[in-house]
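Below is one structure, written out as structure tokens; comments come after it.
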Amino acid sequence: MKLRVLAGDPADPGMGAEVEVAAGAGPRSGLAVPYLRLVGRHGSREILVGEARVTATRVEIAVSATWTETGGWHREPWNGEALGETLTHPAHPIRPNQRDVSIAKGIAEGSRNTVGELRQLRYEMERQVADLLTQRTNAKLRLIMAQLVELSIAFSRARDFAREAIREQLWMRDGGALPHCQAMDTELGDEMTRLQSLLGSVSTLAVAQDGEAQQRFNTLAAAAAAGLGLPALILSLYGADEYLPFTWDKAWRALTPIAGVLTVAAGIILSRMPGRTTGKHHLVAAGLITGLIAVLLIAGFLAPG
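To convert, take the position in the sequence shown, counting from 1, and add 51; that gives the working numbering.
Structure below.
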């Protein structure tokens, strides 16, 4: 289909050119430039990675891979959406005697500009990691790690296309789009290094979280042992036969020391628990103490005389 490309939105009559835009992997003719675009709205964005082949009258785009943000960044088959909207920017003047070179340069410039948008995605992932560290979010660590890996793959694929275009343009001795392709190669390399560093940090955090989980389990096991052992110890010191079966007068005298010891034990355990202690943890502790006292109270009233 014939479309006006690189004319801006709204279209500038002094910019762009009308060419045929096609999708797919057709005959490999024309100038090769990397095709990288970030499309869609926040929450449902897509990264399109591929290659564009440009002649004076035709632009053919082969999308090699697509990553979608829905449900966390992951790869999905390309849905074949209209490509014309992705070719409106940047608005670029087209030299009549070098239409193919001008169009190729404009598409390569748009791909280079997209690298800046991908940098914002890295910033967003860094923010998610920071929120996870400070427990401001309930995001799953595995999901964040998977997204970092997927973005790293997307950046790497885009860099491969930029390098392939560089080699072809150097061989053809056509330098129109070459500076943009070289800049893409460098900038994507930097982004990949930062993503890999961030992934290493998250991996270290995962190991630390596993250690905290083990420590939390040990703490809860100690709490369970205290909850079962301390009442038995106190009752053995009292001589339970003297208090059983319970009456209301005997019950409070028998259970008040037990409740006090359990409360002190729960306070010590909560203060030693790894991570930030929240109100939910205190409510759970209070519920466990109340439940244990209730069980002892009911058992005391139902004990045979």
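Think of the CB as a built atom: it goes at the ideal place given N, C-alpha and C, for glycine as much as any other residue.
Evaluate residue i with the Cβ neighbour count: other Cβ atoms within 10 Å of its Cβ, from every protein chain shown; 16 or more gives buried, anything less gives exposed.
{"i": "TYR174", "result": "exposed"}
{"i": "GLY65", "result": "exposed"}
{"i": "LYS156", "result": "buried"}
{"i": "THR165", "result": "buried"}
{"i": "GLY280", "result": "exposed"}
{"i": "GLY94", "result": "exposed"}
{"i": "ILE349", "result": "exposed"}
{"i": "MET52", "result": "exposed"}
Under DSSP, the alpha helix (DSSP H) around residue i begins and ends at which residues?
{"i": "LEU331", "result": "First, the residue type needs correcting, since residue 331 is Lys and not Leu in the sequence shown. Counting along the chain, the alpha helix (DSSP H) containing LYS331 begins and ends at 330-353."}
{"i": "GLU168", "result": "150-184"}
Can you tell me where the beta strand (DSSP E) with residue i in it begins and where it stops?
{"i": "HIS125", "result": "125-127"}
{"i": "ARG436", "result": "With the chain covering only 52 through 356, there is no way to say anything about residue 436."}
{"i": "GLU71", "result": "68-74"}
{"i": "THR121", "result": "Here THR121 belongs to no beta strand (DSSP E), and DSSP marks it neither H nor E."}
{"i": "GLY101", "result": "97-105"}
{"i": "LEU134", "result": "Here LEU134 belongs to no beta strand (DSSP E), and DSSP marks it neither H nor E."}
{"i": "GLY55", "result": "Checking the sequence, you will find Arg at residue 55 rather than Gly. Its beta strand (DSSP E) spans residues 53-56."}
Please state if the CB of residue j and the CB of residue i are separated by a distance shorter than 8 Å.
{"i": "ALA44", "j": "LEU347", "result": "In the structure displayed, the chain extends from 52 to 356; residue 44 sits before or after that span and is not available."}
{"i": "ALA234", "j": "ARG163", "result": "yes"}
{"i": "ASP60", "j": "HIS140", "result": "yes"}
{"i": "VAL56", "j": "ILE154", "result": "yes"}
{"i": "VAL100", "j": "ALA181", "result": "no"}
{"i": "ILE112", "j": "ALA58", "result": "no"}
{"i": "ARG208", "j": "ALA116", "result": "yes"}
{"i": "THR119", "j": "VAL90", "result": "no"}
{"i": "GLN247", "j": "CYS232", "result": "no"}
{"i": "ARG96", "j": "VAL70", "result": "no"}
{"i": "ILE340", "j": "LEU313", "result": "yes"}
{"i": "LEU239", "j": "ALA276", "result": "no"}
{"i": "ALA310", "j": "ILE344", "result": "yes"}
{"i": "LEU54", "j": "GLY135", "result": "yes"}
{"i": "ALA190", "j": "GLN179", "result": "yes"}
{"i": "GLU242", "j": "ARG170", "result": "yes"}
{"i": "ALA354", "j": "PRO296", "result": "yes"}
{"i": "VAL114", "j": "LEU192", "result": "no"}
{"i": "GLY81", "j": "VAL152", "result": "no"}
{"i": "ALA302", "j": "GLY351", "result": "yes"}
Would you please state the rounded distance, in angstroms, between the beta carbons of residue i and residue j? I believe it to be under 8 Å.
{"i": "VAL105", "j": "VAL72", "result": "So it is not a contact: roughly 11 Å between Cβ atoms."}
{"i": "LEU249", "j": "LEU184", "result": "Not quite, the Cβ-Cβ distance comes to about 12 Å (not below 8 Å), so this is no contact."}
{"i": "GLU215", "j": "ARG126", "result": "Wrong, their Cβ atoms sit about 20 Å apart, outside the cutoff."}
Complete alpha helix (DSSP H) runs within the segment 191-249 (minimum length 4 residues, chain order): Taking only runs of at least 4 residues, the alpha helix (DSSP H) segments lying wholly in the segment 191-249 are 192-223.
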